[in-house]
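Under the working numbering, residues 1263 to 1749 are what the sequence shown spells out, in order.
For every residue, glycine included, the Cβ atom is placed at its ideal position computed from N, Cα and C.
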Amino acid sequence: MNSLRQTAQQGDAAAQYSLGSLYESGEGVAPDLEKAAGWYRKAARQGHGWAQYTMGRLYETGQGVPQDLAKAANWYRKAAEQGVDWAEYALGDLYTKGEGVPQSFETAATWYQRAAIQTLAEAQHALACLYEEGEGVAQDLLKAATLHRKAAEQGYVFAQHSLGDLYKKGVGVRQSFEKAGAWYRKAAMQGYSWAQLALGELYEKGDGVKYNAAKAEDWYMKAAVQGNRWAEYALGRLYEKGEPCSRDFAEAAAWYRKAAEQGHASAQDALARLYSNGQGVPQDFAEAIVWHHKAAEQGSAWAQYALGDVYESGKITPPNFSKAAVWYRKAAEQGSDLAQDALGTLYAKGRGVPQDFVEAAVWYRKAAEQGDEYAQYTLGRLYKKGRGVPQDFVEAATWCRKSAEQGNAQAQYVLGGLYKNGEGVQQDYQSAYIWLSLSVKNRCYMKGFGKLLNVVAQKLSAVQLESAESTIAEYLELYRTVRSAAA
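Spelled out as structure tokens, the structure:
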């Protein structure tokens, strides 16, 4: 130590750099970042490349010197111009973030490229990300995959995870869940929580690996104990569903809360639901609203719809249709069919908004085109009555059929009436009988239904009735199968 200090004091740059390193690490001396910076500076001023890089690092992080990103960039540049790979990479990072220098992805790519040529994995990965996004370079997914692979094969955990993502999505490489899983596993074994989460998802879905809910839970847990909010949410889902563990709402609530407190919108939604239902936590509607609000304010369309429902239904607070309309609109504008249907209903009834059947029809159509059976039925009724749209029995029949075929009993009733009267469709008593019968079997009870069905039945022969009953049975079996799958 004394010999090194003496050499450093005599102006030897290498000795000055080494002495700075000892003061920084605390090897053989008490750690002292200010003294470390002093010796690094002496070496750097003599043109020592690694000392220049280190001065840049100290200025960037504010260790031993006041934080100064412009000075960091200046020292990184001096070292980078001498070919120090870490300085080239660090300077590229500053240009990427626009810290200490004007943001420039093009300049960042140049410096990353210089470091990547020297096989620095961090630079290869950073350059790959630019090629992936087309920032500073022309987008080239094949180059992105190639660079990620070079870094991944050096064991760089972030590149391993990124390469797994590319294989999962089939971006720049042929899609392969098996290869995605292999790269995720390499990163996961190094403790990277996002790779552990991704591997858990593959096991939960059985993509590229044999479905194994227990292994999914294990990988989620590894990521969750590191504070990964997405893994915390995933564990909450598993405990709520009861796969592979026993259903445990209290445990689900605990994990949802961890994720929710980190701002995970879906977890906030889920926690609100548990509070509303009193599952795993004491029933508390006020607390449910708090969490619905947190998720909704982050832009969660489902939370915005749920919050609109809370305000409309009056289940938790006195009904407030104006607030319901505000939240339904936010969700509807994001494409939520449930919210579009609900907003259409508010316009149709004039609740919280001026009554406006034209506007109602607009929102019902948006939901109907997404396959919402209630919106399809209601849009069909608007066409039948000519409310908000020109009266058009053909359109009425078209939309009611779409809804009826999904099992909507009211749409089946209306469609049956259209077939009976030959409105928008060719008059067909057998079809009328089928749809009217299905509506009552699906628990749609309308005044005068029995008389109407008898009138239609009397128009049919015994053979036609038998054929109609067979068709009804087929529809009922189809509905049972679909509903069982959905449950």
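Going by beta-carbon coordinates alone, are residue i and residue j separated by less than 8 Å?
{"i": "Gln1386", "j": "Leu1403", "result": "no"}
{"i": "Gly1290", "j": "Ala1332", "result": "no"}
{"i": "Ala1629", "j": "Asp1603", "result": "yes"}
{"i": "Tyr1473", "j": "Tyr1465", "result": "yes"}
{"i": "Asp1510", "j": "Tyr1518", "result": "no"}
{"i": "Ala1730", "j": "Ile1696", "result": "yes"}
{"i": "Ala1658", "j": "Tyr1645", "result": "yes"}
{"i": "Ala1421", "j": "Ala1383", "result": "yes"}
{"i": "Gly1515", "j": "Gly1489", "result": "For the record, residue 1515 in the displayed sequence is Ala; it is not Gly. For Ala1515 and Gly1489, no; Cβs fall outside 8 Å."}
{"i": "Gln1314", "j": "Lys1340", "result": "yes"}
{"i": "Ala1534", "j": "Ala1550", "result": "yes"}
Could you pull the start and end residues of the alpha helix (DSSP H) that residue i belongs to?
{"i": "Leu1353", "result": "Asp1347 to Lys1359"}
{"i": "Asn1336", "result": "Leu1331 to Ala1342"}
{"i": "Arg1491", "result": "Arg1491 to Lys1503"}
{"i": "Lys1477", "result": "Ala1475 to Ala1486"}
{"i": "Ala1305", "result": "Leu1295 to Arg1307"}
{"i": "Leu1536", "result": "Ala1527 to Asn1539"}
{"i": "Arg1753", "result": "In the structure as shown, the chain begins at 1263 and stops at 1749. Residue 1753 is therefore absent and cannot be evaluated."}
{"i": "Arg1751", "result": "This structure cannot speak to residue 1751, because the chain is shown only from 1263 to 1749."}
Kindly list the residues whose CB is nearer than 6 Å to the CB of residue i, restricted to its own chain and excluding five residues on each side of it in sequence; keep chain order.
{"i": "Ala1298", "result": "Gly1282, Tyr1285, Glu1286 and Gly1326"}
{"i": "Leu1698", "result": "Gly1678 and Leu1715"}
{"i": "Trp1606", "result": "The question names Trp, but residue 1606 is Gly in the sequence shown. Same-chain partners within the cutoff: Ala1622, Trp1625 and Tyr1626."}
{"i": "Lys1484", "result": "Gln1458"}
{"i": "Glu1350", "result": "Ala1342, Trp1373, Arg1376 and Ala1377"}
{"i": "Val1471", "result": "Gly1443, Leu1464 and Tyr1465"}
{"i": "Val1399", "result": "Ala1371, Leu1392 and Tyr1393"}
With a CB to CB cut of under 7 Å and the five nearest residues on each side skipped, what residues in its chain are close to residue i?
{"i": "Asn1704", "result": "Gly1669, Ala1671 and Gln1674"}
{"i": "Asn1582", "result": "Tyr1573"}
{"i": "Glu1296", "result": "Gly1326"}
{"i": "Glu1523", "result": "none"}
Which same chain residues, not among the five before or five after residue i, have their C-beta less than 8 Å away from its C-beta?
{"i": "Trp1751", "result": "This structure does not reach residue 1751, given that the chain is present from 1263 up to 1749, and the question cannot be answered."}
{"i": "Glu1635", "result": "Lys1664, Ser1665, Gln1668, Gly1669, Asn1670 and Ala1673"}
{"i": "Ser1598", "result": "Ala1563, Trp1564, Gln1566 and Tyr1567"}
Does DSSP classify residue i as helix, strand or coil?
{"i": "His1410", "result": "helix"}
{"i": "Tyr1707", "result": "coil"}
{"i": "Ser1265", "result": "helix"}
{"i": "Leu1382", "result": "coil"}
{"i": "Asn1716", "result": "helix"}
{"i": "Ala1400", "result": "coil"}
{"i": "Arg1663", "result": "helix"}
{"i": "Tyr1626", "result": "helix"}
{"i": "Asn1683", "result": "helix"}
{"i": "Gln1458", "result": "helix"}
{"i": "Val1435", "result": "coil"}
{"i": "Glu1635", "result": "helix"}
{"i": "Cys1391", "result": "helix"}
{"i": "Gly1426", "result": "helix"}
Contact the segment 1581 to 1599 vs the segment 1564 to 1573: 3+ CB pairs below 8 Å: yes
contact_flag[the segment 1405 to 1420, the segment 1436 to 1444] where n(CB pairs < 8 Å) is 3 or more: no
Validate contact between the segment 1523 to 1530 and the segment 1538 to 1550 using beta carbons, cut 8 Å, 3 pairs: no
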